[in-house]
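K.L.:
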Amino acid sequence: MPLVLVEINNIRVLALLDTGASYNFISAKFVSKLNKIGTVKYTPCSSVVMLPDSSMVRVRKQVKVFVRIASLSWPISFYEFSSLNFDVILGIPSLNKMKVILNFESKNISFEFNRDIKIPFSSSPNLRKGILSSICEVKYNLNQVQNQQIASLITQYSDVLTKEVGIVRNFEYEIKVSSSKPIYKTPFYLNPVKQKELDDHLQHLLEKGIIRRSTSPYASPVFFVPKKDSGKRLVVDYRAINKIIEYDPFPPANQQAIFAYLQGAKIFTLFDMNAAFHQIQLAEDSKKYTAFVTPTSHYEYNYLPFGLKISPTGLNRLIAREFADIRFKFLINYFDDFIVFSKSPSEHITHLQIVLERFRMCGITLNPEKARFAMSKLRILGHVVSSGCVQLDPQRIEAVQNLPIPKSVKQVQQFIGIVSFCSKFIDKFSEILAPLNELKRKDSKFKITDKHILAIDNLKKAICEAPVLRLPDFSIPFIVRTDASNIGISGVLLQKQEDGIHPIAFVSKKLSDTEKKYSTYEKESLAVMFALDKFKDYVTDSLFTLQVDCDAIRWLVNHPSQLSKFGRWILKLSKFNFTIEHIPGSQNNVADGLSRLFDDCQEPSPSADTQHSITFLNSILELPESFVSINKHQQSDEFCELIRNRLQSGQDVNNFAIENGLLIRYVGRNRLKRVVIPEKLYNLIIYYFHDSKFGNHNSVTKTYRSIAKRFWWNAMYKQIRNYVSSCHLCQTCKPLNTQVNVHLASSSPTVTWDKIYVDYVGPIITSEQGYRFMLVCVDSFSKWLKVYPTRKATAKVTCKYLTELFSTYGPPKTLVSDNAKCFTSNLLFQFCMQWGVRQAFSSPYHPASNMSERCNRNLKYNLTLLIKQYALEHKSWDQVLPFFILNYNSTHHEAIGTSPANIFLNRDIATPLDNIWNLESFLARADPPNLQEIHNHLKVAHEKAKKYYNRGKLPVTKFKINQKVLVKHFPTSVPRVSDQKFTAIWSGPKIIRGFTSPVSVVLEDIETNEITRSHIQFLRPYKERNS
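As structure tokens, this is what we get:
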């Protein structure tokens, strides 16, 4: 299917032209981008859409935007959709409206009304798997009758397939505890705004009957966190109560048995319960154990809550009781996921009806957006079930298979570290590895050849097959190892079986630009959350060991309420049963190597770990490394240990000594003592003395002096200078010490009515005729002026008066305006296209480049003079406006050496006195205006202005295409959410994509791809921190 580059509200985006879609779709994520630069208007709707995988989704929002392809534009209506694989999908309605012609042979599109326009398109090989399906599974090949039967079932059981949370009939779950001593925890305190949001959310739960007010002696702390769909999720910290809740001996789901039952199945439907635990009622005596407390009140659950360790078991008991007669025959479940499986389509439809009827009888409801009907392929528990066969899921080994060919000695060492972990299970391991070991030799030149590639491929294959990679044994505890680098995160699932530790699955992920700015412990925490999410099918409801090589993680697990983001992550772990261990980095080769899978092959510098995201108010708590003594940090550092060993062996090491167990260095003439800092603490120290509230983003010199009077490490000034000079906040919030002065870059005009400048003056006091604005139009060559009083300053009004202007004098070649919405709107763009006029815009916040601005100034003070002269009311300005225009056009203009009328009309304008005294003959010129003479006058005037403007200024040549820059903020461009005195001075970074003049540039926003313009006077170079 073709992908075409389109533009919506100045944002360029790839749109999918889908000839099989009956609607147009736009992603909610892309709409949020549009809302950042202008409000998008929504229209409520209630339409049900069937997706390619046969699931039914109700759409409740419709948006209408202008879509521009090349120079053409159309208003298009879209359904907003939360889970699209593309930001924009143009379906049949829009393709018909645009009269699009698809030419697959030449890979371009044209239009029925203009076949000369040819827009190239690209195609994606991964589109055939279903564009809107979140699991991308191919629908089984059903005939028309069978499709209708499934659609009929969806309609028939709409009370089951609903977003409403059901209530299970005739079933209550009982919680038992091992201690009668109540557990009461103090609440997490919130600021007043968040407390009100929490109270409103709890009031909603009260009204729905999910919770009730409590007098229980038990209480667990609570807060809530935002969900991906912009909603709120209540989070109760049940870790304390979980310690005394007795385990329910009911057996968990048998993962190994599931595959045996799925053997031979060819067609599958997947269901997911709505808030599964909240559909199960609690026994009256058990509700007190679920109590939670806020700073203002005390509540308890009426239904089984999330976060209790026995909640999954309660769900298993319910399912075993209600579905005993059909479970494992054609229905299996893994927690709240249900799979209906059959050998033929006709049999499957019968099974679906039985299962949906059973759900209705039980009172259970299913999420319609997650339902997947009649699939031919199913992914479950690390396996793929298809065509009656159960196979290993390729995603388990994808991270290893995607390991790139090493491009440096460092990457060869990382790859060897990964494969060496499994060396004892790989036959002839040393023989296979020998070519790669040759690359590590210092006396050999690094060059990858075919024999090295063959060795790498053989080792990858060996790791991803038995006997190395094993099937999980759910009777044995799992081990999860995670790691994070500056570029990626990873995890490996392991089990200690009879012959040693074997890998079960591998995962890795490249960090986003935002995630790369996380601190070290946040990246390590993110790696834990990512790995457990990927391995949840294996470790949920099972005891496992979490092994990490970041010593700070263990401390942080016990302090969730003190760390906002990490605290929310830790509380998500409450559903898992695990112990945490620290593992030295030298023993974590697999996870460490996979986390660097996405390295661009450049050796990372020691200063690469940026620290932008650490919270201001918790400077010490957000630096968990500071809770480990500096002596221990030194002991784990190679350089410090080398010096320490030499000193302890009696060797004399200049300027170094050990004092109270610490390695110190003497500096300066006075031999002042400074603590030697190990390499892994460089960024922590610089962050503390620069970014935190104790550093307050001081300059390079101040930051260096604060550090140098306490600590020492090699080349510290250079590293501190690079860190501080590339600080994003310093660059955006501090002013430039030198002003950017640029030469005048405009040129003098050459022809009458070739280029006109337009602008609005106002709003001003409403005149007696109801006018509040003036549309000013001036010819750049003759200076001929035309002013229209208007009631509004909109694109529609602008088009109305420009139509009058163009029909009288003809259309100019170029129309120049500022960047107001009335001039940048799509309506005016279409209007100019109809008249064959090219639009041009002055640089934002640089009015000097718009000639009409000078006319605006003259207009304002001349109207003031006329009103004062005749003692008129201010609202009478529209009565004297015609006389100002007459005077302006008929009097001498210094720049052209004559009056505007003499050039534009080839004659002077007569005044009333000229007519009364018959002075027309004195006004007549002997010769018509000489074009060369006018050019000379304009040139002299331009050179004079240029000389005056350029006085004391130098030409700016430091900006170039593709350079990253910051753009100056102006008061009108800053949202009024806080005092503008405390907003950043500069925004960005943005990339220079081109020059429209020597002093005007086209910029592209790195995050939103929004295209803007700016004068280089408002730019400053942006320095990136190495990553």
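In terms of UniProt numbering, the sequence shown is residues 1 to 1027.
Every residue gets a Cβ at the ideal spot worked out from N, C-alpha and C, and that includes glycine.
Remember, predicted model here, so these are calculated numbers, not experimental data.
By Cβ distance below 6 angstroms, which residues in the same chain neighbour Val49 in space, the five residues on each side in sequence not counted?
P.N.:
Taking the sequence shown and counting its residues from 1, one reaches residue 49 at position 49. Excluding residues within five positions, the ones whose Cβ falls inside 6 angstroms are Val57, Val59.
K.L.:
Do Ile211 and Asn302 have their beta-carbon atoms positioned less than 8 angstroms apart in this structure?
P.N.:
Within the sequence shown, residue 302 is the residue found at index 302, counting from 1. Within the sequence shown, residue 211 is the residue found at index 211, counting from 1. In contact: Asn302 and Ile211 (Cβ atoms closer than 8 angstroms).
K.L.:
On the three-pair Cβ rule with 8 angstroms, is the region 859 to 878 touching the region 833 to 841?
P.N.:
No: fewer than three Cβ pairs fall under 8 angstroms.
K.L.:
Helix, strand or coil: which one does DSSP assign to residue 1094?
P.N.:
Residue 1094 cannot be examined here, being either before or after the span of the chain that is shown, 1 to 1027.
K.L.:
Just to confirm my understanding: we take Asp754, look at its own chain, exclude 5 residues before and 5 after, and list those with CB closer than 8 angstroms. What are they?
P.N.:
In the sequence shown, counting from the first residue as 1, residue 754 sits at position 754. So the qualifying residues of the chain are Ser780, Phe781, Pro812, Lys813, Thr814.
K.L.:
Cutting at 7 angstroms between CB atoms, please list the residues of its own chain near Asp908, excluding the five before and the five after it.
P.N.:
Here residue 908 refers to the residue found at position 908 when the sequence shown is read from its first residue. For Asp908, where only same-chain residues beyond five positions count, the Cβ hits under 7 angstroms are Ser890, Ser899, Ala901, Asn902, Leu923.
K.L.:
Output yes if chain B places a C-beta closer than 8 angstroms to the C-beta of Lys185; else output no.
P.N.:
Looking at the structure shown, chain B is missing, and only one protein chain is on hand.
K.L.:
Could you compute how far the alpha carbon of Asn698 sits from the alpha carbon of Gln731?
P.N.:
One-based indexing of the sequence shown puts residue 698 at position 698. One-based indexing of the sequence shown puts residue 731 at position 731. If I take the Cα positions, the gap works out to 12 angstroms.
K.L.:
For Val6, tell me which candidate among Ser214, Asn24, Phe66 has the shortest Cα-Cα distance.
P.N.:
On the sequence shown, position 6 is the one that residue 6 refers to. Of the candidates Ser214, Asn24, Phe66, the one whose C-alpha sits nearest the C-alpha of Val6 is Phe66.
K.L.:
What does a CB cutoff of less than 7 angstroms around Ser607 pick up in its chain, not counting 5 residues either side in sequence?
P.N.:
Counted from its first residue, the sequence shown places residue 607 at position 607. Since pLDDT at Ser607 reaches only 36, below the 50 mark, its modelled position is unreliable, and no value is offered.
K.L.:
Have a look at the DSSP bridge pairing and note the partners of Ile580.
P.N.:
Mapped onto the sequence shown, residue 580 falls at position 580. BP columns for Ile580 point to Leu546.
K.L.:
Only counting the same chain, and skipping five residues up and downstream in sequence, which positions put a Cβ closer than 6 angstroms to that of Ala484?
P.N.:
In the sequence shown, counting from the first residue as 1, residue 484 sits at position 484. Excluding sequence neighbours, Ala484 sits near Lys523, Glu524, Ala527, Ser595.
K.L.:
Please identify the residue among Pro763, Asn915, Gln834, Met375 whose C-alpha is closest to the C-alpha of Ile150.
P.N.:
Locating residue 150 in the sequence shown gives position 150, where the first residue counts as 1. Measuring from the Cα of Ile150, the nearest candidate turns out to be Met375.
K.L.:
Please look up how many angstroms separate the CB atoms of Glu768 and Lys860, rounded, as I've assumed it's under 8 angstroms.
P.N.:
Working through the sequence shown from its first residue, we reach residue 768 at position 768. Working through the sequence shown from its first residue, we reach residue 860 at position 860. About 19 angstroms separates the two Cβ atoms, so there is no contact after all.
K.L.:
I'd like to know whether the C-beta atoms of Val797 and Thr790 end up nearer to each other than 8 angstroms.
P.N.:
Indexing the sequence shown from 1 puts residue 797 at position 797. Indexing the sequence shown from 1 puts residue 790 at position 790. Taking 8 angstroms as the Cβ cut-off, Val797 and Thr790 qualify as a contacting pair.
K.L.:
Grab the span of the beta strand (DSSP E) containing Cys777 for me, first residue to last.
P.N.:
Position 777 of the sequence shown holds residue 777. Its beta strand (DSSP E) spans residues 773 to 779.
K.L.:
Cα separation between Ile692 and Gln830?
P.N.:
As a first step, residue 692 must be located in the sequence shown, where it is residue number 692. As a first step, residue 830 must be located in the sequence shown, where it is residue number 830. Per the sequence shown, the amino acid found at residue 692 is Ser instead of Ile. Their Cα atoms are separated by approximately 52 angstroms.
K.L.:
Rank Tyr247, Arg857, Lys968 by C-alpha distance to the C-alpha of Arg1013 and give the top, closest one.
P.N.:
As a first step, residue 1013 must be located in the sequence shown, where it is residue number 1013. Nearest option by C-alpha distance: Lys968.
K.L.:
Under 8 angstroms: do the region 313 to 320 and the region 198 to 208 share three or more Cβ pairs, one atom per stretch?
P.N.:
Because the criterion of three Cβ pairs below 8 angstroms is not met, the region 313 to 320 and the region 198 to 208 do not touch.
K.L.:
Taking Cβ to Cβ, would you say Tyr218 is nearer than 8 angstroms to Asp537?
P.N.:
Reading the sequence shown from its first residue, position 218 is the one you call residue 218. Reading the sequence shown from its first residue, position 537 is the one you call residue 537. Contact flag unset, no.
K.L.:
Alpha carbon to alpha carbon, how far is Glu1010 from Ala70?
P.N.:
Counting from 1 along the sequence shown, the entry for residue 1010 is found at position 1010. Counting from 1 along the sequence shown, the entry for residue 70 is found at position 70. Going by the C-alpha atoms only, they are around 16 angstroms apart.
K.L.:
Quick check: the region 83 to 92 against the region 15 to 27, are at least 3 beta-carbon pairs closer than 8 angstroms?
P.N.:
Yes: the two stretches touch, three or more of their Cβ pairs being nearer than 8 angstroms.
K.L.:
Check the C-beta distance from Ser179 over to Ile244 and give it rounded, since I have them as a contact under 8 angstroms.
P.N.:
The count along the sequence shown starts at 1 and reaches residue 179 at position 179. The count along the sequence shown starts at 1 and reaches residue 244 at position 244. That pair is a contact at about 5 angstroms.
K.L.:
Please state the DSSP three-state secondary structure of residue 1032.
P.N.:
Summary: the structure shown does not reach residue 1032, with the chain confined to residues 1 through 1027, and so no result is reported for it.
K.L.:
May I have the straight-line CA-CA distance separating Lys510 from Ile504, to the nearest angstrom?
P.N.:
Here residue 510 refers to the residue found at position 510 of the sequence shown. Here residue 504 refers to the residue found at position 504 of the sequence shown. Whole-angstrom Cα-Cα distance: 21 angstroms.
K.L.:
Under the three-state reduction of DSSP, which class applies to Lys510: helix, strand or coil?
P.N.:
Counting from 1 along the sequence shown, the entry for residue 510 is found at position 510. Strand, per DSSP.
K.L.:
Give me the residue from Gly668, Lys185, Gly307, Asp914 with the minimum Cα distance to Val236.
P.N.:
Counted from its first residue, the sequence shown places residue 236 at position 236. Val236 has its Cα closest to that of Gly307, out of Gly668, Lys185, Gly307, Asp914.
K.L.:
Glu172 and Gln279 look like a contact to me (Cβ under 8 angstroms); what is the Cβ gap, rounded to whole Å?
P.N.:
For the purposes of this step, residue 172 is taken as residue 172 along the sequence shown, with counting starting at 1. For the purposes of this step, residue 279 is taken as residue 279 along the sequence shown, with counting starting at 1. Contact flag wrong, Cβ pair sits at about 12 angstroms.
K.L.:
Thinking C-alpha only, which one of Leu785, Asn918, Gln963 is nearest His893?
P.N.:
Stepping through the sequence shown from its first residue, residue 893 is reached at position 893. When each option's Cα is compared against that of His893, the closest is Leu785.
K.L.:
Do you know whose CA, among Ala708, Lys680, Lys377, lies nearest Phe689's CA?
P.N.:
Residue mapping note: residue 689 aligns to position 689 of the sequence shown, counting from 1. The shortest Cα separation from Phe689 among Ala708, Lys680, Lys377 belongs to Ala708.
K.L.:
Does the region 362 to 375 come into contact with the region 147 to 164, if we say contact requires no fewer than three beta-carbon pairs (one atom in each stretch) closer than 8 angstroms?
P.N.:
Segments in contact, yes.
K.L.:
Can you tell me whether Phe113 is helix, strand or coil according to DSSP?
P.N.:
Your numbering for residue 113 matches position 113 in the sequence shown. Looking at Phe113 - three-state DSSP - the assignment turns out to be coil, as it is neither helix nor strand.
K.L.:
Let me make sure I understand the geometry here. Which of Ser519, Val548, Val507 has the alpha-carbon closest to that of Phe535?
P.N.:
Residue numbering aside, residue 535 sits at position 535 when the sequence shown is read from its first letter. Of the candidates Ser519, Val548, Val507, the one whose C-alpha sits nearest the C-alpha of Phe535 is Val507.
K.L.:
Do you know how far the Cα of Phe330 is from the Cα of Phe223?
P.N.:
In the sequence shown, counting from the first residue as 1, residue 223 sits at position 223. In the sequence shown, counting from the first residue as 1, residue 330 sits at position 330. Taking the straight line joining both Cα atoms gives about 41 angstroms.
K.L.:
What does DSSP give as the partner residue(s) for Leu17 in the beta ladder?
P.N.:
Your numbering for residue 17 matches position 17 in the sequence shown. In DSSP, Leu17 forms a bridge with Leu90.
K.L.:
Restricting to runs no shorter than 3 residues, where is the beta strand (DSSP E) found entirely within the region 756 to 819?
P.N.:
With a minimum length of 3 residues, the continuous beta strand (DSSP E) runs that stay inside the region 756 to 819 are 773 to 779, 785 to 790, 814 to 817.
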